[in-house]
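For reference, the structure is listed below as structure tokens.
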Amino acid sequence: MANNNRNKSKKTFNPIEEVKEIKENAIDLLMKVDNSQFGRASKFIKMERLSEMIGQDFIVEIKEVLPAFNQSIYKTCVDIKADGTVEMDSIKMENLTIIETVLYDGASLFKSEKLMKKFGVRTPVDLLYKLTTKKERDTLFDLIENLGDNEGNMFTEVKN
1 MANNNRNKSK KTFNPIEEVK EIKENAIDLL MKVDNSQFGR ASKFIKMERL
51 SEMIGQDFIV EIKEVLPAFN QSIYKTCVDI KADGTVEMDS IKMENLTIIE
101 TVLYDGASLF KSEKLMKKFG VRTPVDLLYK LTTKKERDTL FDLIENLGDN
151 EGNMFTEVKN
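Here this note's numbering is used: position 7 in the sequence shown is 7, and no number is missing along the way.
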């Protein structure tokens, strides 16, 4: 009887089985992501000097420059001469960037008709100069230019 059991076909059990992970298509997953997660980089900042003047926090939003606008600014501020030399008006570039990207209640702070009228200025550049110091403009421009730079690792090398 004992020999009978030995002759039966034995099914071998392999304790280590390959498990293949089934992953959903990355494009399909991307289609499920909320569109608001793809907006321009932005942050809210407090303008200290203006806050002191008005007696409460003066908070504005700064937003990353859109590529199309960046190209437009570049075309406006850079002049390529016939001899190949390039002249760039960096102050104009900074001013236009700040005017376009510093927002209060979702609109350009420095394009406010109400503020321009109040301060007796005709253009957004004039209002920018009226409300800010040179150091504030330089700092604003640097903040705008560096938006999104502190996001950690953006890419990781994958080896096949």
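All C-beta atoms in this analysis are idealised placements derived from N, C-alpha and C, irrespective of residue type, glycine included. Quantities reported herein were computed from a predicted structural model and do not represent experimental measurements.
Pairwise C-alpha distance: residue j and residue i
i: G120; j: E113; result: 10 Å
i: S51; j: T133; result: 14 Å
i: K81; j: D126; result: 29 Å
i: L109; j: S90; result: 21 Å
i: V33; j: G148; result: 20 Å
i: Y74; j: K118; result: 31 Å
i: P124; j: M116; result: 7 Å
i: T101; j: R122; result: 19 Å
i: L30; j: K23; result: 13 Å
i: Q71; j: D79; result: 13 Å
i: I45; j: D83; result: 44 Å
i: V86; j: C77; result: 10 Å
i: R49; j: F69; result: 29 Å
Bridge partner(s) assigned by DSSP for residue i
i: F44; result: E61
i: M88; result: V78
Closest by C-alpha distance to residue i, when choosing among the options
i: F58; options: F141, L131, A68; result: L131
i: F141; options: A107, I98, T156; result: I98
Could I get the ranges of all uninterrupted beta strand (DSSP E) runs contained in the region 94-151, with 3 residues as the minimum, in chain order? 102-104
Just checking, does the region 91-103 make contact with the region 132-141 on the three C-beta pairs under 8 Å criterion? yes
Does the structure place the region 31-48 close enough to the region 57-71 that three or more beta carbon pairs sit under 8 Å? yes
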